[in-house]
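Step one of this worksheet: look at the structure below.
In this note's numbering, the protein residues as written are 138 to 190.
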């Protein structure tokens, strides 16, 4: 798929991996067990849901 990316974010206490594109859904998984799904909508709107394990 065009526009899909994988981003790895690492800091001293944790890490996270985000997949998805600039437009459309994105999914993030972090080392502390949380999973986030987010979607940006036109204008100042968006949606985000986080699940913690």
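Backbone N, C-alpha and C define an ideal beta-carbon position, used for all residues, glycine too.
How should residue 157 be labelled, buried or exposed, when 16 other C-beta atoms within 10 angstroms of its C-beta is the threshold for buried?
Reading the chain shown from its first residue, position 20 is the one you call residue 157. Under this definition residue 157 is a buried residue.
Would residue 163 be called buried (16 or more neighbouring beta carbons within 10 Å of its own) or exposed?
Here residue 163 refers to the residue found at position 26 when the chain shown is read from its first residue. Buried is the call here.
Can you list the beta strand (DSSP E) stretches of 3 or more residues lying completely in the region 139-182, in chain order?
Qualifying beta strand (DSSP E) stretches, in chain order: 142-147, 152-157, 162-167, 172-177.
Among 160, 190, 153, which has the Cα closest to the Cα of residue 140?
Residue numbering aside, residue 140 sits at position 3 when the chain shown is read from its first letter. Among 160, 190, 153, the Cα nearest to that of residue 140 is on 160.
For residue 188, does the three-state DSSP call read helix, strand or coil?
Numbered from 1 along the chain shown, position 51 holds the residue referred to as residue 188. Three-state result, residue 188: strand.
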